Amino acid sequence: APEKYLITMAKKDRGGRIFLDYLRNDRMATAVAPFSPRGRPGAPVSMPLTWSQVRKGLDPAKYTIRTVPTLLKKLTAWEDYCDSERPLAPAIKRLGKV
């Protein structure tokens, strides 16, 4: 359905169509979803941080499948996440017009 989707990255070429970024589905891709475990020694996890957490000496290896669950219990960044809930029906209806 080229009238709805395209694989061209340039925004100027999209014209309201949905960009399908198939290149991110690759072993060497650098984009990873937050909280994703990585297939590496130590089972590191992609951990979103605030700028105040980014300091000299920050060790990304400390975020693993063993340590992240405890850290998530202390995390406040998502505490009002459910307050932003929105119905999907209007968005789906609008997508039908794209």
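Residue numbers 2 to 99, in this note's numbering, belong to the letters of the sequence shown in order. From the three backbone atoms N, C-alpha and C, an ideal C-beta is built for every residue, glycine too. These figures come from a predicted structure and were not determined experimentally.
- C-beta contact flag for Ser53 and Tyr64 at 9 Å: In the sequence shown, the residue the question calls residue 53 occupies position 52. In the sequence shown, the residue the question calls residue 64 occupies position 63. No, the pair does not count as a contact, with Cβ atoms beyond the cut-off.
- Message: Within the continuous alpha helix (DSSP H) that includes Arg18, where are the two ends?
- Response: Taking the sequence shown and counting its residues from 1, one reaches residue 18 at position 17. Taken as a continuous stretch (DSSP letters only), Arg18 belongs to no alpha helix (DSSP H), as it is neither H nor E.
- Message: Considering Cα atoms alone, identify which of Ala2, Leu21 and Glu4 is closest to Ala11.
- Response: As a working note, residue 11 is residue 10 in the sequence shown. Residue Leu21 is the option with its Cα nearest to Ala11.
- Message: With DSSP as the reference, identify every bridge partner of Tyr6, one or two as the case may be.
- Response: Here residue 6 is taken as the residue at index 5 of the sequence shown, counted from 1. Answer by DSSP bridge pairing, in chain order: Ile19.
- For Pro88, name the three-state secondary structure that DSSP assigns. Against the sequence shown, residue 88 aligns to sequence position 87. Looking at Pro88 - three-state DSSP - the assignment turns out to be coil, as it is neither helix nor strand.
- Task: Might you give, ordered along the chain, the residues of its own chain that have their beta carbon closer than 6 Å to the beta carbon of Ile8, omitting 5 neighbours on each side?
- Result: Taking the first residue of the sequence shown as 1, we reach residue 8 at position 7. If we look at Ile8 and ignore the five residues flanking it on each side, its Cβ neighbours are Leu21.
- Thinking just about the alpha-carbon of each residue, which of Gly43, Leu73 and Lys74 is nearest to the one in Pro61? Stepping through the sequence shown from its first residue, residue 61 is reached at position 60. Looking at the Cα atoms, Gly43 is the closest of the given residues.
- Could you please give the first and the last residue of the uninterrupted alpha helix (DSSP H) stretch that includes Val69? Counting from one through the sequence shown, the residue named residue 69 turns up at place 68. Val69 to Lys75 is the span of the alpha helix (DSSP H), which, as asked, contains Val69.
- Item | Among Thr77, Tyr23 and Leu24, the one whose alpha carbon lies nearest that of Pro49 | Position 48 of the sequence shown, counting from 1, holds the residue named residue 49. Considering only alpha carbons, the answer is Thr77.
- Message: Which same chain residues end up closer than 6 Å to Arg39 when comparing Cβ atoms and leaving out the 5 residues on each side of it in sequence?
- Response: Translated into positions along the sequence shown, residue 39 becomes position 38. Contacts found: Pro45.
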